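K.L.:
The sequence shown begins at 204 in the numbering used here and counts up by one.
Here a beta-carbon is modelled for each residue, glycine too, at the ideal position from N, C-alpha and C.
Computed from a predicted structure; not experimentally measured.
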Amino acid sequence: MSAWRGYAVVGLGSGLGSLSRHQLGVWLATPGFPWATLAVNLLGSALIALFAAWAAHREHGRVARWQPFLVAGFCGGFTTFSLFGLETLALMGQGRAAAALGYVALSLVAWLGAAWAGDHAGRRQAARRP
Numbered sequence: 204m205s206a207w208r209g210y211a212v213v214g215l216g217s218g219l220g221s222l223s224r225h226q227l228g229v230w231l232a233t234p235g236f237p238w239a240t241l242a243v244n245l246l247g248s249a250l251i252a253l254f255a256a257w258a259a260h261r262e263h264g265r266v267a268r269w270q271p272f273l274v275a276g277f278c279g280g281f282t283t284f285s286l287f288g289l290e291t292l293a294l295m296g297q298g299r300a301a302a303a304l305g306y307v308a309l310s311l312v313a314w315l316g317a318a319w320a321g322d323h324a325g326r327r328q329a330a331r332r333p
């Protein structure tokens, strides 16, 4: 793949991931706690780990061609660590230190759990197919 084609593929995936993140955020928006960002990053953690594990256990070829689009592009555009940081600071600025701490703890545990589940599912999927 040429460098420019690679950039275009990652850019397209990132754009689609960002649009998906925005739409999911609209659907899940709730006042008082950033549930939408938690859910987006949870889903993104599972997806990126699933694809990476699946791709790592498959012969490279067609699977490897999708990696820039799905991992760096879509999942990179879909997840948002920067918004997580901003929302944590907003909770603290509102004097809700316990909610901020809970958000950080819940996020880390949930995201790591989702990444583990995605990795496990990806390995199982790869093992099923020759």
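1. Can you tell me which of the three DSSP states Thr283 falls into?
2. In three-state DSSP terms, what is Phe272?
3. In the DSSP assignment, the alpha helix (DSSP H) including Thr240 goes from what residue to what residue?
4. Looking at the structure shown, is Ser310 part of a helix, part of a strand, or coil, going by DSSP?
5. Nearest CA to the CA of Gly268: which residue from Trp314, Tyr210 and Asn244?
6. Out of Leu246, Val312 and Ala239, which has the shortest C-alpha to C-alpha gap to Val274?
P.N.:
In this structure, then:
1. coil
2. Phe272: helix per DSSP, three-state reduction.
3. Trp238 to Ala259
4. helix
5. Per the sequence shown, the amino acid found at residue 268 is Arg instead of Gly. For Arg268, the nearest C-alpha among the options comes from Tyr210.
6. For the residues Leu246, Val312 and Ala239, the minimum Cα distance to Val274 belongs to Leu246.
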